[in-house]
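K.L.:
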Amino acid sequence: MFGFSGTSYAVDGVTILLSEEGGAYSEFAIGLSNLLTQSGANHPVIKIFDVNKFSNDDLSRSANNQILIAVGSSAMLTIAQKPPAMPVLNVLVPQSSFVKAIKQNSRIQDSRRFSAVFFDQSWSRQLGLIQVSMPNHPRVGILLGKESTELIPQLQNAAKTLDISLNIETVSEDAELLNALRKLLTISDAMLAVPDARIYNRNNISSILLTSYRQQIPLFGFSAPYVKAGALASIYSLPSQISQQVAEIIASLPANGNLPAPQFPKYFSITTNSQVARSLNIEIAPEPELQYKLKHLTEHAQ
Numbered sequence: 032m033f034g035f036s037g038t039s040y041a042v043d044g045v046t047i048l049l050s051e052e053g054g055a056y057s058e059f060a061i062g063l064s065n066l067l068t069q070s071g072a073n074h075p076v077i078k079i080f081d082v083n084k085f086s087n088d089d090l091s092r093s094a095n096n097q098i099l100i101a102v103g104s105s106a107m108l109t110i111a112q113k114p115p116a117m118p119v120l121n122v123l124v125p126q127s128s129f130v131k132a133i134k135q136n137s138r139i140q141d142s143r144r145f146s147a148v149f150f151d152q153s154w155s156r157q158l159g160l161i162q163v164s165m166p167n168h169p170r171v172g173i174l175l176g177k178e179s180t181e182l183i184p185q186l187q188n189a190a191k192t193l194d195i196s197l198n199i200e201t202v203s204e205d206a207e208l209l210n211a212l213r214k215l216l217t218i219s220d221a222m223l224a225v226p227d228a229r230i231y232n233r234n235n236i237s238s239i240l241l242t243s244y245r246q247q248i249p250l251f252g253f254s255a256p257y258v259k260a261g262a263l264a265s266i267y268s269l270p271s272q273i274s275q276q277v278a279e280i281i282a283s284l285p286a287n288g289n290l291p292a293p294q295f296p297k298y299f300s301i302t303t304n305s306q307v308a309r310s311l312n313i314e315i316a317p318e319p320e321l322q323y324k325l326k327h328l329t330e331h332a333q
């Protein structure tokens, strides 16, 4: 892991703006604060605010050598409407939400001043997990809401690189979901869940998992709770892993404060469900082995 002891920072102050207190947001903030203060007396001054109790007057009067970390979509959208002079790094936000915010706010078009570390994984990494878990060129089914159809070219490019066959169905209304799912299950070897609230929400997830399970088709998720609910495996980044990445970004910022381009998580975790694997008669490798294979696969696919 990255060492911060003795690090000399280009920034003097870090403001962390939470979408809400507690949970993953606070876990990230505490982790980042701990990492940044490892350098002893040289560390930047760190301030943490809840977006519901925050105004731009709380920011330093000088934007020089300052950075704001917006944690979660609510904090990101609040700052996007009235961006400060200092650079803003958004974290624990989906790529789709960040892209939408950029399109809707003309004042945050410069990624050197308004950037992000997404919480969702790259498509090559998500599809790669299926590839290393089911290595015989699996056919992968994906359900998308109508609003997410712009993701299709990205998905197709990642699948082509990994030699994976994709089957995609788009859904406009909840009433169409199960029919679209059943169609996919007849022509797919695995299902990939994506962070699309139209499809994967608390009202639908149980039906999707149960229907897939009955057809003996494994589902791959994007968070640890999916595995507990019945997915074969999930790939995700913990708040502590995102805080590690953000600390590295802050430590390497140039004197002008320009941020790196928006990026996917650098560090990630994999969780599998051995009971589901046995029930579906799938021999899945141990989690550390899957992680090693996936890193090797995606490095060579780039």
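For the sequence shown, the positions run 32 to 333 when our numbering is used. Note that beta-carbon positions come from the ideal geometry of N, C-alpha and C, so glycine has one too.
#1: Tell me Asn198's beta-bridge partners as DSSP assigns them.
#2: For Leu186 and Phe150, which I take to be in contact (beta-carbon distance under 8 Å), what is that distance rounded to the nearest angstrom?
#3: Going along the chain, which residues of its own chain have a beta-carbon closer than 6 Å to the beta-carbon of Phe33, five neighbours each way excluded?
#4: Does the beta-carbon of Asn210 have 16 or more other beta-carbons within 10 angstroms, so that it is buried, or is it exposed?
#5: Out of Leu269, Ile161, Ala206, state which residue places its alpha-carbon closest to the alpha-carbon of Leu250.
#6: What are the boundary residues of the beta strand (DSSP E) that includes Ile79?
#7: In the DSSP assignment, find the unbroken alpha helix (DSSP H) run with Gly44 in it and report its ends.
#8: Give me the residue from Ala255, Val45, Ser300 with the minimum Cα distance to Leu120.
#9: CB-CB under 6 Å to Arg138, same chain, minus the five flanking residues each way: which ones, in chain order?
#10: Please classify Asp220 as buried or exposed, where buried requires at least 16 other C-beta atoms within 10 Å of its C-beta.
#11: Of the choices Gln69, Gln97, Asn73, whose alpha-carbon is the least far from that of Ile47?
#12: Let me check understanding here. Comparing Cα to Cα, which of Ser283, Ala282, Ala224, Thr242 lies closest to Ser265?
#13: What are the boundary residues of the beta strand (DSSP E) that includes Leu212?
#14: Between Thr329, Ser254, Ala286, which lies nearest to Asn304 when the distance is taken from Cα to Cα?
P.N.:
In short:
#1: In the sequence shown, counting from the first residue as 1, residue 198 sits at position 167. Its beta-bridge partners are Gly172.
#2: In the sequence shown, residue 186 corresponds to position 155, counting from 1. In the sequence shown, residue 150 corresponds to position 119, counting from 1. Wrong, their Cβ atoms sit about 18 Å apart, outside the cutoff.
#3: Within the sequence shown, numbered from 1, the residue matching residue 33 stands at position 2. Residue confidence is low: Phe33 scores 49 on pLDDT, short of 50, so the model does not pin down where it sits. Its coordinate-derived value is still stated next. Once the five neighbours on either side are set aside, the close Cβ partners of Phe33 are Glu279.
#4: Locating residue 210 in the sequence shown gives position 179, counting from the first residue. Exposed, because fewer than 16 other Cβ atoms sit within 10 Å of the Cβ of Asn210.
#5: By one-based count along the sequence shown, residue 250 stands at place 219. Each of Leu269, Ile161, Ala206 was checked against the Cα of Leu250, and the nearest Cα belongs to Ile161.
#6: As a first step, residue 79 must be located in the sequence shown, where it is residue number 48. Taken as a continuous stretch (DSSP letters only), the beta strand (DSSP E) holding Ile79 covers 76-81.
#7: Residue 44 sits at position 13 when you count from the first residue of the sequence shown. According to the DSSP assignment, Gly44 belongs to no alpha helix (DSSP H) but to the beta strand (DSSP E) extending over 44-49.
#8: By 1-based counting over the sequence shown, the position of residue 120 is 89. Relative to Leu120, the option among Ala255, Val45, Ser300 whose CA is nearest is Val45.
#9: As a working note, residue 138 is residue 107 in the sequence shown. Here the set comprises Pro114.
#10: Counting from one through the sequence shown, the residue named residue 220 turns up at place 189. So Asp220 ends up on the buried side.
#11: Taking the first residue of the sequence shown as position 1, residue 47 is located at position 16. The shortest Cα separation from Ile47 among Gln69, Gln97, Asn73 belongs to Gln97.
#12: Your numbering for residue 265 matches position 234 in the sequence shown. Considering only alpha carbons, the answer is Ala224.
#13: Position 181 of the sequence shown holds residue 212. For Leu212, no beta strand (DSSP E) encloses it; the enclosing alpha helix (DSSP H) starts and ends at 208-216.
#14: Taking the first residue of the sequence shown as position 1, residue 304 is located at position 273. Restricting attention to Thr329, Ser254, Ala286, the CA atom closest to the CA of Asn304 is found in Ser254.
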